[in-house]
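Engineer: Can you keep this structure in mind? I'll have questions shortly.
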Amino acid sequence: MNFRIYQPATSLAPYVKQYYHLQSSNSGLINLPQNLFSLGDLYMVFLQEGEVIFQPTQHASFTLPEASVVGHFTCHHQIMVKGPVKMTVIQLNAYGCYRLAGLDMSSFNNYFRDLLKQDRECWKDLADKIAAAADVTKLDAVLDDALANMMCSHVHNLKQVDEIADYIIDNQGYTNVERLTRKFKISRHTLERKFMEVVGLTPQLFARMLRFRDAMRHMQKMSVEEWQAFITNNDYYNQASFIQDFLFFKGEAPVLNQETAIAQMPVARPVAVA
Numbered sequence: 001m002n003f004r005i006y007q008p009a010t011s012l013a014p015y016v017k018q019y020y021h022l023q024s025s026n027s028g029l030i031n032l033p034q035n036l037f038s039l040g041d042l043y044m045v046f047l048q049e050g051e052v053i054f055q056p057t058q059h060a061s062f063t064l065p066e067a068s069v070v071g072h073f074t075c076h077h078q079i080m081v082k083g084p085v086k087m088t089v090i091q092l093n094a095y096g097c098y099r100l101a102g103l104d105m106s107s108f109n110n111y112f113r114d115l116l117k118q119d120r121e122c123w124k125d126l127a128d129k130i131a132a133a134a135d136v137t138k139l140d141a142v143l144d145d146a147l148a149n150m151m152c153s154h155v156h157n158l159k160q161v162d163e164i165a166d167y168i169i170d171n172q173g174y175t176n177v178e179r180l181t182r183k184f185k186i187s188r189h190t191l192e193r194k195f196m197e198v199v200g201l202t203p204q205l206f207a208r209m210l211r212f213r214d215a216m217r218h219m220q221k222m223s224v225e226e227w228q229a230f231i232t233n234n235d236y237y238n239q240a241s242f243i244q245d246f247l248f249f250k251g252e253a254p255v256l257n258q259e260t261a262i263a264q265m266p267v268a269r270p271v272a273v274a
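Right under this line is the structure:
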């Protein structure tokens, strides 16, 4: 399997975070690299060969078309990739898709949008350029040029949501709606409405995702004593919340060591999950 990671041009920050290119000549199910699709980010997928199937627990399974953007998942899901496969993935931040495409993000949670069915021809042009790229080592230059042109030609007003989302990100989700409404001088109703349109999630759920992501990072690198201190002294998070979120986002409960009460990852499955 050939798997490449590219860093986008700095001019595309913070909207575009990374590019990935996956190519495999193997038939059947293919294991995705861990954390290729992570909570809180959005992904555009350009598929030149193969099949990508998403299986959310609260939604019917769906197969991605040639060019699509996958919405936020508000439930556990599995991803199946059938080879031979050749696909390019653009990882965006929480509001990157709205900035690039201007789509109402609340309309396709746990689902996708076919980019080739949108009004703008630029998505078809980009899909064609990716498919025609003979040298995958230079694929980042193709993507940089196309995305930079899109952002220059179409400006979608982020309605202050980018500032609010960045604040939540900077605080790893350890905040609440009351603090956000005071800091940004905005009503709760307006905050939630704008956030749903631009990000596709409520600010509460977005913050919950980031807290869980941060807790997972801590859990995987901390000693027992460090983890217990982290989870006990956290004003916004506790062991019960972590277990609840693990079940919600991962679809299964973490394995708990009865002596230490520290959460451990279950045995890895052959199919990558978000």
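Under full-length UniProt numbering, the first residue of the sequence shown is numbered 1, with each subsequent residue one higher. Backbone N, C-alpha and C define an ideal beta-carbon position, used for all residues, glycine too. All of these numbers come straight from a predicted model, not from anything done at the bench.
#1: Given a threshold of 16 other Cβ atoms within 10 Å of its Cβ, counted over all protein chains shown, does P203 qualify as buried or as exposed?
#2: To test your reading of the DSSP string, which unbroken alpha helix (DSSP H) runs of 4 or more residues are found completely within the UniProt domain "HTH araC/xylS-type" (162–260)?
#3: Specify whether the stretch 68–88 and the stretch 164–171 touch according to this definition: at least 3 beta carbon pairs, one from each stretch, less than 8 angstroms apart.
#4: Relative to the alpha-carbon of V161, which residue among N176, E178, K185 and F195 has its alpha-carbon at the smallest distance?
#5: What number of angstroms, rounded off, separates the C-alpha of L247 from the C-alpha of A13?
#6: Out of P254, L36, M150 and M216, state which residue places its alpha-carbon closest to the alpha-carbon of V89.
#7: If I follow the unbroken beta strand (DSSP E) through S24, where does it start and stop?
#8: For the beta strand (DSSP E) containing D114, list its first residue and its last residue.
#9: Which residues does DSSP list as the beta-bridge partners of G83?
#10: With C-beta atoms as the reference, is A127 less than 8 angstroms away from L116?
#11: Using a threshold of 8 angstroms, state whether the C-beta atoms of K17 and Q91 are closer than that.
#12: For L64, name the three-state secondary structure that DSSP assigns.
#13: Sorted by chain position, which residues of the same chain lie with C-beta nearer than 7 angstroms to Q172's C-beta, five sequence neighbours on each side aside?
#14: Are the stretch 42–51 and the stretch 71–85 touching by the rule of at least three beta carbon pairs closer than 8 angstroms?
Structural biologist: So, from the data block:
#1: Position 203 of the sequence shown holds residue 203. With 16 or more other Cβ atoms within 10 Å, it is buried.
#2: 177–184, 188–198, 203–221, 224–232 and 239–250
#3: no
#4: The residue given as residue 161 occupies position 161 in the sequence shown. Closest by alpha carbon: F195.
#5: Working through the sequence shown from its first residue, we reach residue 247 at position 247. Working through the sequence shown from its first residue, we reach residue 13 at position 13. Cα-Cα distance, rounded: 33 angstroms.
#6: Here residue 89 corresponds to residue number 89 of the sequence shown, with the count starting at 1. It is L36 whose Cα lies nearest to the Cα of V89.
#7: Within the sequence shown, numbered from 1, the residue matching residue 24 stands at position 24. From DSSP, the beta strand (DSSP E) with S24 extends over V16 to I30.
#8: By one-based count along the sequence shown, residue 114 stands at place 114. Note, D114: beta strand (DSSP E), F112 to D114.
#9: Position 83 of the sequence shown, counted from the first residue, corresponds to residue 83. DSSP output for G83 lists G28 as bridge partner(s).
#10: As a working note, residue 127 is residue 127 in the sequence shown. As a working note, residue 116 is residue 116 in the sequence shown. In this structure, L116 lies closer than 8 angstroms to A127 by Cβ.
#11: Position 17 of the sequence shown, counted from the start, is the residue given in the question as residue 17. Position 91 of the sequence shown, counted from the start, is the residue given in the question as residue 91. Contact flag set, yes.
#12: In the sequence shown, the residue the question calls residue 64 occupies position 64. Coil, per DSSP.
#13: As a working mapping, residue 172 is identified with position 172 in the sequence shown. L210, R211 and D214, listed in sequence order.
#14: yes
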